[in-house]
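Down below is the structure, laid out as structure tokens.
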Amino acid sequence: MSLGSDEKRTREEESDFVVLAPDLIRIIESSILSFLQFMKMDKKKIGGILNLFGSQNQMATPLQQIQSSHEKKAMKLKELWKRTKSYKKKSWPSTQEDTEMLLGLIDSKIVSRVLLNGEDKQRASYFGAKKR
């Protein structure tokens, strides 16, 4: 076998893996929309147990302050999103602004998840110390 035929075969194998840019964009858009649907289905309320004692006057931890700030910003973003025409559609937003709002909503849901995990760790360490 000559060196030229090896290169030709390699190029043919690589061409099987080529994805055109429009196809890639559609795949990414579809993935993002699927992820958003997944996040919408996850409707756990952040701070459920900590809110039981909300009427008591206590110093808020930095985590609670961040959660409170995040919840306010997330609610504002949701209100803005519901005012757009893209809200009811299950397709990719048509304007740049709507796209940014959609990605902002996804970011907001991810941050909520991270804060929830931080809260779970804090709660676990509290109960772990209490058992000792």
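Heads up, the final residue of the sequence shown is numbered 137 in my numbering, and it's a clean run with no missing numbers.
Note that CB positions come from ideal geometry on N, CA and C, so glycine has one too.
Separation of residue j from residue i, as counted between CA atoms
i	j	result
Ser99	Leu29	17 Å
Lys114	Phe43	10 Å
Trp97	Leu38	7 Å
Arg31	Asp11	34 Å
Gln1	Lys78	Nothing can be reported for residue 1, as the shown portion of the chain is limited to 6 through 137.
Lys93	Met106	14 Å
His75	Leu121	12 Å
Glu84	Gln101	18 Å
Trp86	Arg14	50 Å
For residue i, the nearest candidate out of the options (CA to CA)
i	options	result
Met46	Asp125, Glu76, Leu120 and Ile111	Ile111
Ile71	Val119, Arg14 and Trp86	Val119
Beta-carbon spacing of residue i, residue j below 8 Å
i	j	result
Ser117	Asp103	no
Cβ neighbour criterion (16 or more within 10 Å) applied to residue i
i	result
Glu5	Missing from the structure shown is residue 5; the chain here goes from 6 to 137 and no further.
Leu108	exposed
Met80	exposed
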